[in-house]
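S.K.: Take this structure, written in structure tokens, and hold onto it; I'll ask about it next.
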Amino acid sequence: MQIPEPLKCMELLETSPFADDRIVRHCVRVARTADKICSLLDQTPSRLNVDLVNAGALLHDIARKQPNHAVRGGKILEDLGFPEVADIVAVHMDLTSDSDGPVTESEIVYFADKLTVNDGFCLDVEERFNKKLIRFSADPEAVQAIGHRLETFCIIRAKLSRILKQDIMVVLNDLSVETR
Numbered sequence: 001m002q003i004p005e006p007l008k009c010m011e012l013l014e015t016s017p018f019a020d021d022r023i024v025r026h027c028v029r030v031a032r033t034a035d036k037i038c039s040l041l042d043q044t045p046s047r048l049n050v051d052l053v054n055a056g057a058l059l060h061d062i063a064r065k066q067p068n069h070a071v072r073g074g075k076i077l078e079d080l081g082f083p084e085v086a087d088i089v090a091v092h093m094d095l096t097s098d099s100d101g102p103v104t105e106s107e108i109v110y111f112a113d114k115l116t117v118n119d120g121f122c123l124d125v126e127e128r129f130n131k132k133l134i135r136f137s138a139d140p141e142a143v144q145a146i147g148h149r150l151e152t153f154c155i156i157r158a159k160l161s162r163i164l165k166q167d168i169m170v171v172l173n174d175l176s177v178e179t180r
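Mapping of the sequence shown onto the UniProt record's numbering: residues 1 to 180, in sequence order.
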């Protein structure tokens, strides 16, 4: 398995013609949030490849300024020889989650990304998605995609909460207060 080291991830992201400073800050924040989640899960039987989560989080928006950026970012990383990271990046916008399966690296990156607005932390994800539903209400395809993304977020939230035996959002809120 080829996983780029964090410095290599930052180099790839910072030199990407499809990612600016704002996007780089966002990716770093997503990686920090994903790392917090992995740290919480480290105390449970869940087995995640934390290096893979970190690389996926840092590089998830490597092609952000392109249409269909998730798939394009996955292709870039596949071409660079990082197929496992490419798989995470390619699905970070439209992931389908199995409520009964184990938590995956892709789910951690997806979840952390939805909790991150620009380079800030957003715990009211439902409100964020509801605002998008209102904004795109005239576009049935967009409404369907937004609804699917919210449903996936909720499935992952339930899985993480079940594993931790408490609501992941409460735990993350406590952590965000501690790190302010």
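From the three backbone atoms N, C-alpha and C, an ideal C-beta is built for every residue, glycine too.
The structure presented is a predicted model; accordingly, all values stated were derived computationally and were not measured.
(1) If you count every other CB in all the chains shown that lies within 10 Å of the CB of P4, and 16 or more means buried, which is it?
(2) Confirm, please, whether the CB-CB distance from I155 to V103 is below 8 angstroms.
(3) Look at the alpha carbon of E127 and the alpha carbon of K114, and state the distance between them as a whole number of angstroms.
(4) Rounded to a whole number of angstroms, what is the C-alpha to C-alpha distance between residue 210 and D174?
(5) Flag this pair as touching only if the segment 23-34 and the segment 57-75 have three or more C-beta atom pairs under 8 angstroms; answer yes or no.
(6) For G101, is the classification buried or exposed, using 16 other Cβ atoms within 10 angstroms of its Cβ as the cut-off for buried?
(7) Nearest to F121 by CA position, among G74, T15, R64 and L172, is which residue?
(8) Where K65 and R72 are concerned, what is the direct C-alpha to C-alpha distance, given to the nearest angstrom?
(9) F136 to E151, Cα distance in whole Å?
(10) Please report the residue range of the alpha helix (DSSP H) in which E151 lies.
(11) To the nearest angstrom, how far is the alpha carbon of A63 from that of V89?
(12) Starting from G74, trace the alpha helix (DSSP H) both ways and give me its first and last residue.
(13) According to the neighbour-count rule (16 or more other Cβ atoms, all chains shown, within 10 Å of its Cβ), is I37 buried or exposed?
(14) Once DSSP output is grouped into helix, strand and coil, what is the label at T116?
M.R.: Once the coordinates are examined:
(1) Here P4 is buried. Its C-beta has 16 or more other C-beta atoms within 10 Å.
(2) Not closer than 8 angstroms, so no.
(3) Take the alpha-carbon of E127 and the one of K114: they are about 12 angstroms apart.
(4) The first residue shown for the chain is 1 and the last is 180, placing residue 210 beyond what the model contains.
(5) They touch, by the three-pair rule.
(6) Classification for G101: exposed.
(7) Per the Cα distances, L172.
(8) Each residue's alpha carbon lies about 10 angstroms from the other.
(9) Going from the Cα of F136 to the Cα of E151 covers about 17 angstroms.
(10) Start and end: P140 to L164.
(11) About 10 angstroms.
(12) That run of the alpha helix (DSSP H) goes H69 to D79.
(13) By the 10 Å Cβ count, I37 comes out buried.
(14) If DSSP states are grouped into helix, strand and coil, T116 belongs with the strands.
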